[in-house]
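Only one structure is covered here, and it is reproduced in the block below.
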Amino acid sequence: MDVKKTLGLLNGISKRMYYNESIENDYLHEQILPNSSIAEFEQIVDKYSSLLQDIVINDVDVNDLGIKLKQMQENNQLSPDECNGITKFWKVNRIKLHDVLIQQSLWEDKLKSFSWRIDVSAQSKSIDKINKPTAIVELKSKSRLHDQGSDSVLFEMDQEQVQKLLAGISDIEETITKYSQP
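Its first residue numbered 12, the sequence shown is counted upward by one per residue in the working numbering.
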């Protein structure tokens, strides 16, 4: 199969697998390899689907993909044109497919916006709070299931609470850095 047909098949499979488009094997067969038997074409689709799923789930970088494809080529599983087509497809679509996979795996609402400001109390029932700065924080979340509307939380924090929050964020950052190191 040449590079153009490989790209077409991978585009069709990816749209079906990750974008929930209703592209049938019959349509792909008719458009890409009409001279092959249906059984032969379905084997090719299964092979490409399996390969695509593997590289998307593992977020394989282009160099590692090249190594994998070279091994498949040496085992006569892929032609050089197929390897070139797969590599071209992956260079263009890697980030898009990874982002789609992440979006599909989100179950909860996500943070839409975060805003804050510092206010100084000018009048208070308790004298000790006058002229002490407080942080006013607003968090807005966006529902994964609904495009419209969002929930909003508004709260105040004094200097001590802000310092505790910053310490907690620092701990989170250190943990992420620790586990992100190769």
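Here a beta-carbon is modelled for each residue, glycine too, at the ideal position from N, C-alpha and C.
Being a predicted model, the structure only gives us computed values, none of them experimental.
Contact under 8 Å by Cβ, residue 17 with residue 85: Locating residue 17 in the sequence shown gives position 6, counting from the first residue. Locating residue 85 in the sequence shown gives position 74, counting from the first residue. No, the Cβ-Cβ distance between residue 17 and residue 85 is not below 8 Å.
Taking 8 Å as the threshold (C-beta atoms), are residue 110 and residue 153 in contact? Your numbering for residue 153 matches position 142 in the sequence shown. Your numbering for residue 110 matches position 99 in the sequence shown. Not in contact: residue 153 and residue 110 (Cβ atoms no closer than 8 Å).
Check each candidate in 186, 124, 188, 184 and name the one with the smallest Cα separation from residue 162. In the sequence shown, the residue the question calls residue 162 occupies position 151. Residue 124 is the option with its Cα nearest to residue 162.
Simplified DSSP state of residue 149, which is helix, strand or coil: Translated into positions along the sequence shown, residue 149 becomes position 138. In the three-state reduction of the DSSP assignment, residue 149 falls in the strand class.
Is it buried or exposed, residue 117, if we count other Cβ atoms within 10 angstroms and call 16 or more buried? For the purposes of this step, residue 117 is taken as the residue at position 106 of the sequence shown. By the Cβ-count criterion, residue 117 is exposed, with fewer than 16 other Cβ atoms from all chains shown falling within 10 Å of its own Cβ.
Starting from residue 173, trace the beta strand (DSSP E) in both directions and tell me its first and last residue. Start at 1 with the first residue of the sequence shown, and residue 173 comes out as number 162. Segment 170-191 is the alpha helix (DSSP H) holding residue 173; no beta strand (DSSP E) there.
Just to confirm, are residue 43 and residue 20 a CB contact at a threshold of 8 Å? As a first step, residue 43 must be located in the sequence shown, where it is residue number 32. As a first step, residue 20 must be located in the sequence shown, where it is residue number 9. Yes, the pair counts as a contact, with Cβ atoms nearer than the cut-off.
To the nearest angstrom, how far is it from the Cα of residue 184 to the Cα of residue 168? Along the sequence shown, read from residue 1 onward, the residue named residue 184 stands at position 173. Along the sequence shown, read from residue 1 onward, the residue named residue 168 stands at position 157. Spanning the two alpha carbons is a distance of roughly 21 Å.
Around the C-beta of residue 190, are 16 or more other C-beta atoms found within 10 angstroms, so that it is buried, or is it exposed? Taking the first residue of the sequence shown as position 1, residue 190 is located at position 179. Under this definition residue 190 is an exposed residue.
On the CB-based measure, 16 or more other CB atoms within 10 Å of its CB, does residue 166 come out buried or exposed? Position 155 of the sequence shown, counted from the first residue, corresponds to residue 166. Result: exposed.
CA-CA distance, residue 83 and residue 192? Within the sequence shown, numbered from 1, the residue matching residue 83 stands at position 72. Within the sequence shown, numbered from 1, the residue matching residue 192 stands at position 181. Going by the C-alpha atoms only, they are around 30 Å apart.
Pairing CB atoms from the stretch 96-107 with CB atoms from the stretch 61-78, are three or more of them under 8 Å? Because the criterion of three Cβ pairs below 8 Å is met, the stretch 96-107 and the stretch 61-78 touch.
Assuming contact is defined by CB atoms lying nearer than 8 Å, are residue 101 and residue 147 in contact in what I supplied? Within the sequence shown, the letter at position 90 stands for residue 101. Within the sequence shown, the letter at position 136 stands for residue 147. The answer is no: Cβ separation not under 8 Å.
Just the C-alpha distance for residue 32 and residue 170, rounded to the nearest angstrom, thanks. Numbered from 1 along the sequence shown, position 21 holds the residue referred to as residue 32. Numbered from 1 along the sequence shown, position 159 holds the residue referred to as residue 170. Their Cα atoms are separated by approximately 52 Å.
Please list the segments of the beta strand (DSSP E) lying wholly inside the stretch 88-145, counting only runs of 3 or more residues, in order along the chain. 121-131
Measuring only the C-alpha atoms, how far is residue 30 from residue 98? Stepping through the sequence shown from its first residue, residue 30 is reached at position 19. Stepping through the sequence shown from its first residue, residue 98 is reached at position 87. Looking at the two C-alpha atoms, the distance is approximately 20 Å.
Determine whether the beta carbon atoms of residue 63 and residue 90 lie at a separation below 8 Å. Here residue 63 refers to the residue found at position 52 when the sequence shown is read from its first residue. Here residue 90 refers to the residue found at position 79 when the sequence shown is read from its first residue. Cβ distance not < 8 Å, so residue 63 and residue 90 don't count as in contact.
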